[in-house]
Ligand SMILES: C[S@@+](CC[C@H](N)C(=O)[O-])C[C@H]1O[C@@H](n2cnc3c(N)ncnc32)[C@H](O)[C@@H]1O
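Rendered as structure tokens:
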């Protein structure tokens, strides 16, 4: 998650590492699939006077910020309000030298209490990045099948006490408690045993809120669709950089990158080498993580992992 309020002087996550990963110091066409506050986009535009960026975001509030940048940088920056999961509408022709995904929610979204992403302020449980489509968090909690709640809390939220939390959510249906962030956070905290709650260094509702947000926005599904599409939009030698904040996202990115690099995608992948096709290179074996100075400056950067993939030139074996 980016401390992305560049307008107020905050630095985007892993800024220098992203610029290096994309080789943004070389003039090129870039796609920022998660414009947010525009921190990374601005850094790419600064990295070379001939760089051009197309920005995407599904959040209408990001579109307003982008409109300002379009006025400041005519001809160098354009924006499209859309879900990157539907990126195939951009066509199929490879045209980008670099593509960036900085996944998750922006600090703007967390700070706008009324959006319901955070329990720091009491607000309706909305949590949609694009509030004009889909079910709000509250509707999801009231209507979803038990299995969907289990997936949100156990798998996406990685909440160890998921069974208790899911039972509490189901038990609170129809009472109004699922409709406000304050009562929802209290309900979830109360479902977690007191001894475990005392040991936690995060608010006991943090994981469940994250899981609900990921489910409501279909975040993993959008990423799954966008990875192959974005790879297809890269020119030969083009670079794809992804910053993830959740182990499930990072696992998908790692798997996709290894597949493209002709490497085994898991311990169980026993395909012989000649059955794997290598269409990309992995410049680094390990994901890039923030240094201690960045973690201290921006605690939310702590879980960030940056992976980079480079599309090979055709004909190389
Ligand atoms: C972590 S922030 C990006 C911050 C940005 N890199 C910066 O420096 O300001 C993630 C942004 O991606 C957007 N986003 C998340 N999933 C999306 C999707 N599937 N399609 C389009 N935008 C998405 C969110 O609305 C949010 O604004």
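In the working numbering, the protein residues as written are -9 to 307.
All C-beta atoms, glycine included, are put in the ideal place defined by N, C-alpha and C.
Taking the beta carbon of residue i as the centre, do at least 16 other beta carbons fall within 10 Å, making it buried, or is it exposed?
i, result
"residue 200", "buried"
"residue 32", "buried"
"residue 101", "exposed"
"residue 133", "exposed"
"residue 192", "exposed"
"residue 26", "buried"
"residue 9", "buried"
"residue 300", "buried"
"residue 260", "exposed"
"residue 186", "exposed"
"residue 158", "buried"
For the putative contact between residue i and residue j, defined by C-beta atoms under 8 Å, what is the C-beta separation to the nearest angstrom?
i, j, result
"residue 138", "residue 205", "7 Å"
"residue 127", "residue 115", "4 Å"
"residue 20", "residue 55", "The pair is not a contact, with the Cβ atoms about 17 Å apart (cut-off 8 Å)."
"residue 284", "residue 291", "5 Å"
"residue 224", "residue 89", "6 Å"
"residue 48", "residue 120", "4 Å"
"residue 272", "residue 246", "At roughly 11 Å, the Cβ-Cβ gap does not stay under 8 Å, so residue 272 and residue 246 are not in contact."
"residue 226", "residue 176", "Actually they do not touch by this definition, with Cβ atoms about 54 Å apart."
Do residue j and residue i have their beta-carbon atoms positioned less than 8 Å apart in this structure?
i, j, result
"residue 167", "residue 160", "no"
"residue 297", "residue 232", "yes"
"residue 50", "residue 71", "yes"
"residue 146", "residue 213", "no"
"residue 179", "residue 162", "no"
"residue 85", "residue 149", "no"
"residue 87", "residue 219", "no"
"residue 234", "residue 295", "yes"
"residue 67", "residue 60", "yes"
"residue 270", "residue 250", "yes"
"residue 154", "residue 181", "yes"
Quick one: give me the first and last residue of the beta strand (DSSP E) that residue i is part of.
i, result
"residue 327", "With the chain represented from -9 up to 307, any question about residue 327 goes unanswered, as that position is not in the structure."
"residue 70", "67 to 71"
"residue 265", "That residue, residue 265, is in no beta strand (DSSP E); it is neither H nor E in DSSP."
"residue 19", "19 to 22"
"residue 159", "Looking at the DSSP string, residue 159 is not in any beta strand (DSSP E); the run it does join, the alpha helix (DSSP H), is 152 to 161."
"residue 180", "Element bounds for residue 180: not the beta strand (DSSP E) but the alpha helix (DSSP H), 171 to 181."
"residue 204", "Careful: residue 204 lies outside any beta strand (DSSP E), inside the alpha helix (DSSP H) at 196 to 206."
"residue 15", "It is not in any beta strand (DSSP E) - residue 15 carries neither H nor E in the DSSP assignment."
"residue 59", "From DSSP, residue 59 is part of no beta strand (DSSP E) but of the alpha helix (DSSP H) over 50 to 62."
Hey, could you find the ends of the alpha helix (DSSP H) residue i is sitting in?
i, result
"residue 238", "237 to 250"
"residue 34", "29 to 37"
"residue 88", "First-last for residue 88: 86 to 92, but that is the beta strand (DSSP E), not the alpha helix (DSSP H)."
"residue 112", "That residue, residue 112, is in no alpha helix (DSSP H); it is neither H nor E in DSSP."
"residue 120", "No alpha helix (DSSP H) holds residue 120; DSSP gives it neither H nor E."
"residue 140", "136 to 140"
"residue 188", "184 to 189"
Apart from the five residues on each side of it in sequence, which residues of its chain come closer than 6 Å, Cβ to Cβ, to residue i?
i, result
"residue 5", "33"
"residue 11", "231, 298"
"residue 208", "none"
"residue 45", "22, 25, 31, 56, 69"
"residue 217", "246"
Does any C-beta atom of chain B lie closer than 8 Å to the C-beta of residue i?
i, result
"residue 116", "No chain B is present in this structure, which holds just one protein chain."
Note down, in chain order, each residue of its chain lying with its Cβ closer than 7 Å to the Cβ of residue i, except the 5 sequence neighbours on either side.
i, result
"residue 112", "170, 171, 172"
"residue 107", "95, 99, 100, 117, 203"
"residue 104", "113"
"residue 38", "14, 15, 16, 17"
"residue 52", "25, 26"
Return the chain-ordered list of same chain residues with a C-beta closer than 8 Å to the C-beta of residue i, the five sequence neighbours on each side being excluded.
i, result
"residue 152", "140, 143, 144"
"residue 222", "82, 84"
"residue 63", "35"
"residue 286", "none"
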